[in-house]
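What follows is one structure encoded as structure tokens, with my remarks underneath.
Here is the structure:
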């Protein structure tokens, strides 16, 4: 009997071990399948491991590609090659491929938007939201709100009307407001182009609602309340911002302290909210080269940093600080006047733009945003400002980039990423100055043709 018991115990142990092994094997197989199915936004990008930021500009690779690019540069064209800057970097091999006046300080035109987008995604985070809320420290009884209503508004460029907010109050049964209506605006002045840009570049009629100035915002909000059937007491806030007898203009610090107390009050109630993600703004800003959205993001990055910390930061200083501290690049020779590239006084180099793209590539979150949703891609629904260019199917899902044009200076630029026929990813930047735009674009498209593999033609 003892021998039989031992045999049964050994049999049970073998069965347990066999079952355990089967379960472990099954889990391993499922994990592998999930890993293959849950890659990044592009299949090619999923196989690329994350790496630390490296830009080896003294090591060159792929001489065959470099020779093809040089042959294109030497081809007689209606472009001044002395006013042409090119930088191509092998992201997979982490080495330079080609450079031509890559360190020249040039006007980047709308490729300046790459700096604005990448810096904002890093500083604020890819999951950052613009948030506009109606909050109160008062009470609601029988449709009457008694207390202070705070209209807290980020400088959200996607808000076109206050109706969703005021209608939310109406849906809660509120029809009367008894108390102060206080405006807490991230931006109080009107969005305008840089002084060195053309005055018609950002017309007031095209400026988003929350960037039309505090007076216009207050008036529009009060009109929205009336349109929603909500009555309110007339108070001095309509003509002059004041909170508990504290003047916002003459005593801004005291005003902010009282306002912060309302925000921090545990009994504060959020009555309505509208949210838009930063990515919703960055995508049209890059794909369709929206100057207004670029300026909105440029200023919002500074507003968001300083809104609760004190005096407003200068947006250009924020961008230069990002370059210095995040990319560890000397900002000498780089000039940032705006976030859109409208100013002809902006100065970047093709080498810097390629370094910026290389740095962004090593941040998996930013890389996914750029490749998956925010950069224009030819021969696809995301062609945007590349409409009509690189129409051949061989460019599809191979080129992701930002265009730039500043006709007053004869500037045309193109910067972004290319997937080569060798399976390597490349970052590149091309800037032309004093060159016919058509000729510049023709050259850029032919160079992209070399990068993706093939003849230097469209």
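In this note's numbering, the protein residues as written are 14 to 471.
Backbone N, C-alpha and C fix where the C-beta goes; we use that ideal spot for every residue, glycine too.
Computed from a prediction, not measured in an experiment: that's the story for all the values here.
Checklist entry - Considering residue 416, what are the terminal residues of the alpha helix (DSSP H) in which it resides? => result Premise fails: residue 416 lies in the beta strand (DSSP E), 412-419, not in any alpha helix (DSSP H).
Next on the checklist: Just to check my reading of the structure: residue 294 and residue 306 have Cβ atoms closer than 8 Å, yes? What is that Cβ distance to the nearest angstrom?
Outcome noted: 5 Å
Next on the checklist: Looking only at its chain, what residues have a beta carbon closer than 7 Å to the beta carbon of residue 219, apart from the 5 residues adjacent to it on each side?
Outcome noted: Take residue 219, set aside five residues on each side of it, and the residues of its chain with a beta-carbon closer than 7 Å to its own are 305, in chain order.
Next on the checklist: By the three-class DSSP mapping on this structure, what secondary structure does residue 143 have?
Outcome noted: strand
Checklist entry - Measuring CB to CB, does residue 354 end up less than 8 Å from residue 419? => result Cβ distance < 8 Å, so residue 354 and residue 419 count as in contact.
Checklist entry - Going by alpha carbons, who is nearest to residue 359 out of 374, 346, 370? => result 346
Checklist entry - What's the call for residue 54, buried or exposed, on a 16-neighbour Cβ count within 10 Å? => result With a pLDDT of only 45 at residue 54, under 50, the local geometry of the prediction cannot be trusted, and no value is derived from it.
Next on the checklist: Only counting the same chain, and skipping five residues up and downstream in sequence, which positions put a Cβ closer than 7 Å to that of residue 455?
Outcome noted: Nothing meets the Cβ criterion.
Checklist entry - Excluding sequence positions up to five away, which residues of its chain have a Cβ less than 7 Å from the Cβ of residue 103? => result 74, 75, 110, 437, 439
Checklist entry - Mind checking residue 213: buried by the 16 CB within 10 Å criterion, or exposed? => result The C-beta of residue 213 has fewer than 16 other C-beta atoms within 10 Å across all chains shown, which makes the residue exposed.
Item to check | Inter-stretch contact (C-beta, 8 Å, three-pair minimum) for the stretch 115-132 and the stretch 406-415 | outcome: yes
Next on the checklist: Quick check on the burial criterion: 16 or more other C-beta atoms within 10 angstroms. Buried or exposed for residue 216?
Outcome noted: exposed
Item to check | Limits of the unbroken beta strand (DSSP E) element including residue 326 | outcome: Taken as a continuous stretch (DSSP letters only), residue 326 belongs to no beta strand (DSSP E), as it is neither H nor E.
Checklist entry - Is the shortest distance between the beta-carbon of residue 245 and the beta-carbons of chain C less than 8 Å? => result Going by chain labels, chain C is absent from the structure shown, which holds only one protein chain.
Checklist entry - In whole angstroms, what separates the C-alpha of residue 176 from that of residue 242? => result 11 Å
Checklist entry - Should residue 208 go down as buried or exposed, given a rule of 16 or more other Cβ atoms within 10 Å for buried? => result exposed
Next on the checklist: With H, G and I counted as helix, E and B as strand and the rest as coil, what does DSSP make of residue 41?
Outcome noted: Any reading at residue 41 must be qualified, since the residue scores a pLDDT of 40, below 50, and its modelled position is unreliable; no value is offered.
Checklist entry - Who are the Cβ neighbours of residue 314 in its own chain at under 7 Å, not counting the five residues just before and after it? => result Taken in chain order, the residues that qualify are 132, 133, 136, 137, 328, 331.
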